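Student: Below are the structure tokens for one structure; questions will follow.
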Amino acid sequence: MYQYTVTLSEAENKALGIVALSQDEWIQNAVHNRCNIAIEEIVASEVERITGIGGTISGTKEDIVNAAPIKSAAEREAELEEQNRKAGG
13 MYQYTVTLSE
23 AENKALGIVA
33 LSQDEWIQNA
43 VHNRCNIAIE
53 EIVASEVERI
63 TGIGGTISGT
73 KEDIVNAAPI
83 KSAAEREAEL
93 EEQNRKAGG
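Counting in the numbering used here, the sequence shown tops out at residue 101, every number present.
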């Protein structure tokens, strides 16, 4: 399990309280919802990729995501920066 900490200023906390009954629940919901969207995108992509090469899919969505040969946003950004560096120099 991973645990992250969010720090809000007094003004940010007050502002979030205007739209949320519980700031913590709102933050948790936002993060989990975005993760679920990404999981669905990855699973759909993997199903298309694997069935396209004649393979079969097995396991849970978590299994499929964990086995997927995907790059993180940080990895993609680093590759882009490297390409830009090479193109510029």
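Beta carbons: idealized from backbone N, C-alpha and C, even for Gly. Keep in mind it's a predicted model, so treat the numbers as computed, not measured.
Ordered along the chain, which non-local residues of its own chain (more than five positions away) have a Cβ less than 6 Å from that of E58?
Tutor: Position 46 of the sequence shown, counting from 1, holds the residue named residue 58. I76 and A80, listed in sequence order.
Student: Does the Cβ-Cβ distance between V18 and I39 come in under 9 Å?
Tutor: Taking the sequence shown and counting its residues from 1, the one referred to as residue 18 is at position 6. Taking the sequence shown and counting its residues from 1, the one referred to as residue 39 is at position 27. For V18 and I39, yes; Cβs fall inside 9 Å.
Student: How many Å lie between R97 and N78 at the Cα?
Tutor: Along the sequence shown, one-based indexing puts residue 97 at 85. Along the sequence shown, one-based indexing puts residue 78 at 66. Straight-line Cα distance between these residues: approximately 31 Å.
Student: What residue range is occupied by the uninterrupted alpha helix (DSSP H) comprising L92?
Tutor: On the sequence shown, position 80 is the one that residue 92 refers to. L92 -> alpha helix (DSSP H) spans A85 to G100.
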